[in-house]
Amino acid sequence: MNNISFTHELIKGKIAELIFAQMIRSTGAYTILEFGYEKTLPSLAQMHPKSPATEETMGIIKRAPDFTIINHKTKEVHLIEVKYMGELSKGKVASAARKIQKSWKRAALFIASPNGFYFDTVEDVIANKGEIKPFKHPKITAKAQSQYLDLLNDFIQR
Numbered sequence: 005m006n007n008i009s010f011t012h013e014l015i016k017g018k019i020a021e022l023i024f025a026q027m028i029r030s031t032g033a034y035t036i037l038e039f040g041y042e043k044t045l046p047s048l049a050q051m052h053p054k055s056p057a058t059e060e061t062m063g064i065i066k067r068a069p070d071f072t073i074i075n076h077k078t079k080e081v082h083l084i085e086v087k088y089m090g091e092l093s094k095g096k097v098a099s100a101a102r103k104i105q106k107s108w109k110r111a112a113l114f115i116a117s118p119n120g121f122y123f124d125t126v127e128d129v130i131a132n133k134g135e136i137k138p139f140k141h142p143k144i145t146a147k148a149q150s151q152y153l154d155l156l157n158d159f160i161q162r
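All residue numbers for the sequence shown refer to my numbering, where the first residue is 5 and numbers rise by one.
Now the structure itself:
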């Protein structure tokens with residue numbers, strides 16, 4: 005993959021992350037914190053491992069989910085990895101879930117695609133062989149999701 009193609013895919017991922025964060029913020033029910041290593045530990049992102057132990061630790065940090073979500077009412081904390089997939093396939097979804105689960109067993113996966121949004125725990129995605137449920141949230145209506153999906157597709161298709 006050349007640099008322009010890589011950058012194009014990176015931008016799609018960032019748009020998916022922004023859409024996810026805005027949808028969750030719109031509920032007023034959560035604190036949402038950026039969590040991925042490139043956001044929280046940028047100097048680590050530039051490091052090159054000097055030992056197998058450091059390399060293993062860096063691998064765990066690099067697989068950190070994108071967001072930490074804190075429920076205002078219950079105080080529960082959730083780790084969420086966000087992915088953009090132009091085409092949803094069970095193989096790609098299962099692969100993404102397995103990568104996250106290597107280091108973050110309690111994480112969940114949110115997928116933005118041109119056809120909709122999907123969400124489930126990585127544990128359930130793996131158990132269901134890549135099957136992921138459509139995203140549902142009691143405070144995010146189908147109409148609101150449709151508007152966010154239109155926004156996603158506006159930016160992705162440009």
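Glycine included, each C-beta is placed from N, C-alpha and C at the ideal position.
Helix, strand or coil for residue i per DSSP?
{"i": "Phe-71", "result": "strand"}
{"i": "Lys-109", "result": "coil"}
{"i": "Ile-144", "result": "strand"}
{"i": "Thr-61", "result": "helix"}
{"i": "His-76", "result": "coil"}
{"i": "Thr-125", "result": "strand"}
{"i": "Lys-133", "result": "coil"}
{"i": "Gly-40", "result": "coil"}
{"i": "Glu-85", "result": "strand"}
{"i": "Ala-116", "result": "strand"}
{"i": "Thr-11", "result": "helix"}
If you draw a straight line from the C-alpha of residue i to the C-alpha of residue j, how long is it?
{"i": "Phe-71", "j": "Glu-85", "result": "7 Å"}
{"i": "Asp-158", "j": "Ile-23", "result": "12 Å"}
{"i": "Ala-148", "j": "Leu-37", "result": "22 Å"}
{"i": "Thr-131", "j": "Ala-101", "result": "In the sequence as displayed, the identity of residue 131 is Ala instead of Thr. Their backbone Cα atoms lie some 10 Å apart in a straight line."}
{"i": "Asn-166", "j": "Leu-14", "result": "Since the first residue of the chain shown is 5 and the last is 162, residue 166 is not available in this structure."}
{"i": "Ile-104", "j": "Gly-134", "result": "13 Å"}
{"i": "Phe-139", "j": "Val-129", "result": "13 Å"}
{"i": "Arg-110", "j": "Lys-66", "result": "16 Å"}
{"i": "Thr-125", "j": "Lys-79", "result": "18 Å"}
{"i": "Phe-123", "j": "Trp-108", "result": "16 Å"}
{"i": "Met-27", "j": "Met-62", "result": "31 Å"}
{"i": "His-82", "j": "Glu-91", "result": "26 Å"}
{"i": "Thr-11", "j": "Ala-25", "result": "21 Å"}
{"i": "Glu-59", "j": "Glu-127", "result": "25 Å"}
Measure the beta-carbon distance from residue i to residue j and round it to whole angstroms, keeping in mind my assumption that it falls under 8 Å.
{"i": "Ala-68", "j": "Phe-39", "result": "6 Å"}
{"i": "Ile-168", "j": "Lys-16", "result": "Since the first and last residues shown for the chain are 5 and 162, residue 168 lies out of range."}
{"i": "Ile-74", "j": "Thr-35", "result": "4 Å"}
{"i": "Lys-77", "j": "Ala-20", "result": "Contact flag wrong, Cβ pair sits at about 27 Å."}
Say whether the stretch 92–99 touches the stretch 55–74, bearing in mind that this needs 3 or more beta-carbon pairs closer than 8 Å, one atom from each stretch. no
How do the stretch 116–125 and the stretch 141–161 stand: do at least 3 beta-carbon pairs fall below 8 Å, yes or no? yes
Looking at C-beta atoms only, is the number of pairs between the stretch 20–33 and the stretch 137–152 that lie closer than 8 Å three or more? yes
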